[in-house]
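In our numbering, the protein residues as written are -3 to 77.
These notes are about the structure you will find just below.
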C-alpha cells in the first residue's frame, strides 16, 4: 500500500493590521481583546472633486487607506499634514 502525504499552505486570505508607527504587520483574530482596541475611522461625509457626496458606506466591503489632510487651515493643520 502506498500512502502519499503532501504539504499544503493553508488558504489564509486575511490581511494584516498595521497598528503602530513601525508598520509591522500583525494578524489579529476578530475574537481577541486586542481586535476591539484597533483604531477605526469614524463615519464621515465629504464632497469629492466631481461635486458628489461620498461617505464611509461607499467603501463597504472594500479595502481603503485613509489620509485626511487640510487644504485651508492656518492653525495646527499644516503641522498635522
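Heads up, the beta-carbon is just placed ideally off N, CA and C, and yes, glycines get one too.
Those residues which DSSP pairs with residue i across a bridge
i: residue 43; result: 49
i: residue 13; result: 22
Simplified DSSP state of residue i, which is helix, strand or coil
i: residue 31; result: helix
i: residue 57; result: coil
Report task. Take every Cβ of the region 50 to 58, pair it with every Cβ of the region 24 to 40, and state whether three or more of those distances are shorter than 8 Å. Result -> Enough Cβ pairs lie closer than 8 Å, so yes.
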